[in-house]
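Trainee: Got a structure here, written out as structure tokens. Questions coming.
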Amino acid sequence: MAHVIKVCMGSSCFARGNSKNLQIIQNYIEQKGLDAQIELTGLRCCNRCSMGPNITIDDEEFNNLDQGSVLDILEHKFNK
Numbered sequence: 601m602a603h604v605i606k607v608c609m610g611s612s613c614f615a616r617g618n619s620k621n622l623q624i625i626q627n628y629i630e631q632k633g634l635d636a637q638i639e640l641t642g643l644r645c646c647n648r649c650s651m652g653p654n655i656t657i658d659d660e661e662f663n664n665l666d667q668g669s670v671l672d673i674l675e676h677k678f679n680k
């Protein structure tokens, strides 16, 4: 895999939006045909609850995400 996306699935991040963010990421990967290039995994808790929802792309952490910012990040990282 060329890239790894880790989505915090801890109860705080999940409740604050990562349930929807996960769907957006899955749809993006599928629509862009990036299945072979991106490994999508979940984390139990990344211990940054107050800054959540959190995701990590290739060891770069992103915090306080909403659906729009997740899509912007994906476009920036993978639509080159």
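Here the working numbering is used: the first residue of the sequence shown is 601, the next is one more, and so on.
For every residue, glycine included, the Cβ atom is placed at its ideal position computed from N, Cα and C.
Bear in mind the structure is a predicted one, so any value in this text is a computation, not a measurement.
(1) On the criterion of 16 or more Cβ atoms from any shown chain inside 10 Å, does Asn679 qualify as buried, or is it exposed?
(2) Grab the span of the beta strand (DSSP E) containing Leu674 for me, first residue to last.
(3) Identify which residue in Gln623, Ile655 and Phe614 has its Cα closest to the Cα of Ile577.
(4) Which residue from His603, Lys677 and His676 puts its Cα closest to that of Glu639?
(5) Suppose the cutoff is 8 Å on Cβ atoms and the five residues either side in sequence are ignored; what does the same chain contact list for Ser669 look like?
(6) Counting only the same chain and skipping the five closest in sequence on each side, list residues whose C-beta sits under 8 Å from that of Gly642.
(7) DSSP has Gly642 in a bridge; who is on the other side?
Mentor: A quick look at the data gives this:
(1) exposed
(2) Where Leu674 is concerned, there is no enclosing beta strand (DSSP E), although the alpha helix (DSSP H) it sits in stretches over Gln667 to Phe678.
(3) The question about residue 577 has no answer here: the residues shown for the chain are numbered 601 through 680.
(4) His603
(5) Phe662
(6) Lys606, Val607, Cys608, Met609 and Leu622
(7) Val607
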